[in-house]
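Notes to accompany the following structure.
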Amino acid sequence: MCKFGLEENNRIRHSVRMYGHLDDCFIRISKILPQYTPEQIENHYKKYLDEDAPPINYERILETYEKLQAINIKNERLRKLSNVFLKFYLNYLNYQYLYSM
């Protein structure tokens, strides 16, 4: 995978300003930078160079991850508790069966 350098970034920014209104913008840019595919250029632009894109909210991502971890821990505890309850209940039924005869 090719890395984008400062010169490539500047060319992409300039070309998007020139061709950004066209549907084939990234295809035209890939003709200027033939070592990259239009998909690579578009992904790189949208991920790293687009000033209009909203910034990544890492705090929200971390909060969501922590919530999911808490839910997973709770589910794991419930699963263990239900297994313990099931063992006791089966023992109880076995006890009832043995002593009912």
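Per UniProt numbering, residue 1 is the first one in the sequence shown, and the count goes up by one each step.
We treat Cβ as the ideally placed atom computed from N, Cα and C, and that holds for glycine.
Bear in mind the structure is a predicted one, so any value in this text is a computation, not a measurement.
Check: State buried or exposed for Ser82, treating a residue as buried only when at least 16 other CB atoms are found within 10 Å of its CB.; Outcome: exposed
Check: Report the start-end ranges of each alpha helix (DSSP H) in the segment 35 to 83 that is 4 residues or longer and not cut off at the edges.; Outcome: 38 to 44
Check: Measuring CB atoms only, is the segment 6 to 25 touching the segment 39 to 50, in the sense that at least three cross pairs come out at less than 8 Å?; Outcome: yes
Check: Whose C-alpha, out of Leu78, Arg79, Phe4 and Tyr95, is nearest the C-alpha of Gln40?; Outcome: Phe4
Check: How far does the alpha helix (DSSP H) with Phe26 in it reach, from first residue to last?; Outcome: Cys25 to Ile32
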